[in-house]
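Structure, as structure tokens:
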Amino acid sequence: MTTKDDIELLFRSNYAAMYRLAMLILRDDDVARDIVHDVFETLLVSGRSDVSASYLLAATRNRCLKHIRTLSAIDRMKEVYSVDEREIEDGEWPDDETIALIQKTVANDLTEACRRVVELRFSESKSYQEISEIFGISKVAVYKHLRHATEVLRKKLSQNG
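See the structure below:
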């Protein structure tokens, strides 16, 4: 069984690396800190004694991915566009016209493969790994499809803005 002293030692020696990983994935200081603390809380409650640095990093990564999966579609869109919430007035974005333009652009201006990657990522919340396995392509190719879609959408939205 893991004692509080054991947890404190693990915390002191692994917190920085776990926090950096969470920040790389989430880019949100508060959520990253909460997730790392949740990992240690779970560890304390479970009483696990066979804990390594790699286990803690994997647990942090898994918690971050679980958090991302729970985000709403609008939150995921903000993440893709790297939109700062302070730039958006509540209830004004995205309006119905903008959503319709995004849907039209995805349907008409993207290649079939690119459109399908976007749908899997944002409508079905599939990971890069899952999408790469479905299409038999690399995760880098998935990223390139999503990056291309983002560029097309930004260009279309800026023309209509």
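So in the working numbering, spot 121 of the sequence shown is number 194, and the numbers just go up one at a time. For glycine and all other residues, C-beta sits at the position ideal for the given N, C-alpha and C.
- Look at the beta carbons and you see the segment 204-215 not touching the segment 170-179: under three pairs across the two are nearer than 8 Å.
- One thing to note: L94 has its Cβ within 8 Å of the Cβ of T133.
- In the three-state reduction of the DSSP assignment, S119 falls in the helix class.
- Around the beta-carbon of L138, fewer than 16 other beta-carbon atoms lie within 10 Å, marking it exposed.
- The three-state reading of DSSP puts D168 in coil, since its state is none of H, G, I, E or B.
- Assigned with DSSP and collapsed to three states, D101 falls in coil, not helix or strand.
- Note on A126: under 16 other CB atoms within 10 angstroms of its CB, so exposed under the neighbour-count rule.
- Secondary structure within the segment 180-208: not one fully enclosed beta strand (DSSP E) run of 3 or more consecutive residues is present.
- Going by C-alpha positions, V190 is about 12 Å away from A180.
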